[in-house]
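Take 174 as the starting number for the sequence shown in this note's numbering and just add one per residue. In this text, a Cβ means the ideal position worked out from N, Cα and C, and glycines have one as well.
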Amino acid sequence: MSTYNIAVLPGDGIGPEVTKEAVKVLKALERLDSSISFTFTEFPWNSEYYLQHQQMMPEDGLEQLQSFDSILFGAIGDARVPDQISIWQLIMPIRKQFQQFVNFRPVKRLKGIESPLKNDKPIDFVIIRENGEGEYSNIGGSMFAGEDREMAVQNTIMTRKGVTQIAEFAYQYARENNYTKVTNATKSNAIIHTMTFWDRIVEEVAAKYSDIDYERYYIDAIAAYFVQRPEDFQVVLASNLFGDILSDLGSAIVGGLGFAPSGNINPTREYPSMFEAVHGSAPDIAGKNIANPIAQIWSAALMLEHFGRRDLYEEILAAIEAVLEEKQVQTPDMGGNATTEEMGDAIIRKLG
Ligand code: ATP
Ligand code: MG
């Protein structure tokens, strides 16, 4: 039997509510499947913690997390704490220290879910977003404050190592999962230094995978194609900024944030990876037991896939789809009146 030690960071708002359901599903799975077990260790590092301690986590926070097999993360966000603090003091340090340079986001229309797109073609692809460098750098600055010539500069950093490793991950993932095509999201016609570099490195990697087709589109065109012909995509490889935007668009075409899971992955497995729903802390619905926990439960399933248990990933997804197809248990975002806990319970009943 394999035991996995999971660090749980429930976070703020609906984070704890949906994370509780994800842990509940994992515990149910553990009861049904004697080949796997978990330990869960909770860390209270959220905005409340910041307001008490003036920091998002203790000095040795990263050391405390390092020995875990994986991190299950709720959501961070609270009106009393600026976003920059929660992002730069908690999420970014975890991503950087644990070399989680892949942001992995399935875009899959589940059975029983209506897409705002007026067709019933299957949508089932993954966005592989570079997660460690690119446009989201803290290098830059502004000058001449208040003067007519006031200006700001934000630098994009792309490195051979960084682009190569994300492209390699995309191609490896494609090969291991029987995908036949990788789509490169670029804008090298307008961003002529970094994006041409990105294309060149991606194409060096692509050349090594002759069994997998390569295509390249500008980001603006891809945005339109996500709406016009999403069934054509398989693996979409994107930089940090482009991947961020495409991921939200991707979630919108498959039913919204309630159905958008993600993994921040360290492919070498040297450090823990982190799994979290794409949505935020949703303060408008927090504390009411009405958040849709599916994205977070799905994220926990991605964690099992990362552990090599594709079978358990599929088992959880099948249970979610079974509930969705029946249309009996639906949270308010889906037009129903089920609670967060009722959705978790319904999914558990379909397991096994
Ligand atoms: P953050 O800054 O934390 O990202 P946000 O306001 O940008 O917060 P979300 O917290 O993701 O974004 O919420 C966006 C909208 O989607 C809100 O109206 C919220 O209630 C809704 N929403 C987000 N997640 C869920 C969920 N799991 N179930 C139901 N509604 C949700
Ligand atoms: Mg948000």
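**Study point:** Integer-rounded CB distance, given that residue 438 should sit under 8 Å from residue 505
**Key:** Their Cβ separation, rounded to whole angstroms, is 32 Å, which puts residue 505 and residue 438 out of contact at 8 Å.
Exercise for review: Spatial neighbours of residue 297 within its chain, please: CB distance less than 6 Å, with the 5 preceding and 5 following residues excluded, ordered by chain position.
Suggested key: Taking C-beta separations shorter than 6 Å and ignoring five residues to either side along the sequence, the partners of residue 297 in its chain run 281, following chain order.
Exercise for review: Alpha carbon to alpha carbon, how far is residue 405 from residue 168? Give it in angstroms, no decimals.
Suggested key: This structure leaves residue 168 out entirely; the chain is present only between 174 and 525.
Exercise for review: Could you confirm whether any beta carbon from chain D is found closer than 8 Å to the beta carbon of residue 503?
Suggested key: The structure shown contains no chain D; it holds only a single protein chain.
Practice item. Using only the heavy atoms of the ligand ATP, determine whether one of them is closer than 7 Å to the beta carbon of residue 458. Key: Answer for residue 458: yes, Cβ within range of the ligand ATP.
Practice item. Confirm the yes/no value for this check: CB of residue 417, any heavy atom of the ligand ATP, distance under 7 Å. Key: no
Point to revise | Candidates 228, 288 and 305, of which the one nearest residue 263 by Cα | key: Selection 228, 288 and 305 evaluated against residue 263 yields 228 as nearest (Cα-Cα).
Review point. So, do the stretch 188–199 and the stretch 467–480 have three or more beta carbon pairs nearer to each other than 8 Å?
Key: yes
**Study point:** Any non-hydrogen atom of the ligand ADP within 7 Å of residue 467 CB
**Key:** Although the ligand ADP was asked about, the structure shown includes only the ligand ATP and the ligand MG as ligands.
Review point. Around the C-beta of residue 212, are 16 or more other C-beta atoms found within 10 angstroms, so that it is buried, or is it exposed?
Key: exposed
Exercise for review: Drop a sphere of 10 angstroms on the beta-carbon of residue 517, count the other beta-carbons inside from all chains shown, and report buried for 16 or more, exposed for fewer.
Suggested key: buried
Exercise for review: Run the CB neighbour count on residue 592, radius 10 Å, all protein chains shown included, and call it buried at 16 or more, exposed below.
Suggested key: Shown here, the chain extends from 174 to 525; a query on residue 592 therefore has no answer.
**Study point:** Length-filtered (4 minimum) alpha helix (DSSP H) runs lying within the stretch 463–518
**Key:** 467–479 and 483–499
Exercise for review: Give the range of the alpha helix (DSSP H) segment to which residue 413 is assigned.
Suggested key: 413–426
Exercise for review: Measuring alpha carbon to alpha carbon, tell me which of 456, 452 and 369 ends up nearest residue 412.
Suggested key: Per the Cα distances, 369.
Exercise for review: Given a cut-off of 8 Å, decide if residue 268 and residue 305 are closer than it, judged by their beta-carbon atoms.
Suggested key: Going by C-beta atoms, residue 305 is nearer than 8 Å to residue 268.
Review point. Would the beta-carbon of residue 419 fall within 8 Å of that of residue 399?
Key: yes
**Study point:** Buried versus exposed, by CB contacts within 10 Å (16 or more), residue 257
**Key:** exposed
Practice item. Give every residue of the same chain whose Cβ lies closer than 7 Å to the Cβ of residue 367, excluding the five residues on either side of it in the sequence, and list them in chain order. Key: Listed in chain order, the non-local C-beta contacts of residue 367 below 7 Å within the same chain comprise 329 and 331, local neighbours out to five positions each way being set aside.
Point to revise | For residue 302, the residue or residues it bridges with in DSSP | key: 276 and 411
Review point. Are the CB atoms of residue 224 and residue 266 nearer to each other than 8 Å?
Key: no
Point to revise | alpha helix (DSSP H) runs contained entirely in the stretch 288–351, provided each spans 4 or more residues | key: Within the stretch 288–351, the complete alpha helix (DSSP H) segments at least 4 residues long are 333–349, listed from N- to C-terminus.
Check your understanding: Looking only at its own chain, which residues have a Cβ that is under 6 Å from the Cβ of residue 220, when we skip the five neighbours before and after it?
Key -> 185, 251 and 254
Exercise for review: Note down, one range per segment and in chain order, each beta strand (DSSP E) of at least 3 residues found wholly within the stretch 233–279.
Suggested key: 243–248
Practice item. Could you tell me whether the stretch 439–452 touches the stretch 483–495, where touching means 3 or more Cβ pairs closer than 8 Å? Key: no
Practice item. Could you check the C-alpha separation between residue 414 and residue 279 for me, to the nearest Å? Key: 17 Å
Practice item. Give me the Cα-Cα distance between residue 202 and residue 373, rounded to the nearest whole angstrom. Key: 44 Å
Exercise for review: Tell me whether residue 182 sits in a helix, a strand or coil according to DSSP, three-state version.
Suggested key: Residue 182: strand per DSSP, three-state reduction.
Point to revise | Cβ-based neighbour list, residue 519, same chain, cut-off 6 Å, excluding 5 preceding and 5 following | key: 496 and 502
Check your understanding: Excluding the five sequence neighbours on either side, which residues of its own chain have a C-beta within less than 8 Å of the C-beta of residue 272, listed in chain order?
Key -> 305, 439, 441, 443 and 444
Review point. Looking only at its own chain, which residues have a Cβ that is under 7 Å from the Cβ of residue 353, when we skip the five neighbours before and after it?
Key: 385, 386 and 407
Review point. Just how far apart, CA to CA, sit residue 347 and residue 325?
Key: 39 Å
Review point. Assuming residue 179 and residue 241 make a contact with CB atoms under 8 Å, what is their CB distance in whole Å?
Key: About 6 Å separates the beta carbons of residue 179 and residue 241, which is inside the 8 Å limit, making them a contact pair.
Review point. In this structure, does DSSP put residue 458 in helix, strand or coil?
Key: coil
Point to revise | Residue closest to residue 248, alpha-carbon to alpha-carbon, out of 489, 511, 430 and 475 | key: 430
Review point. Would you say residue 187 touches the ligand ATP, meaning its beta carbon is less than 7 Å from a heavy atom?
Key: yes
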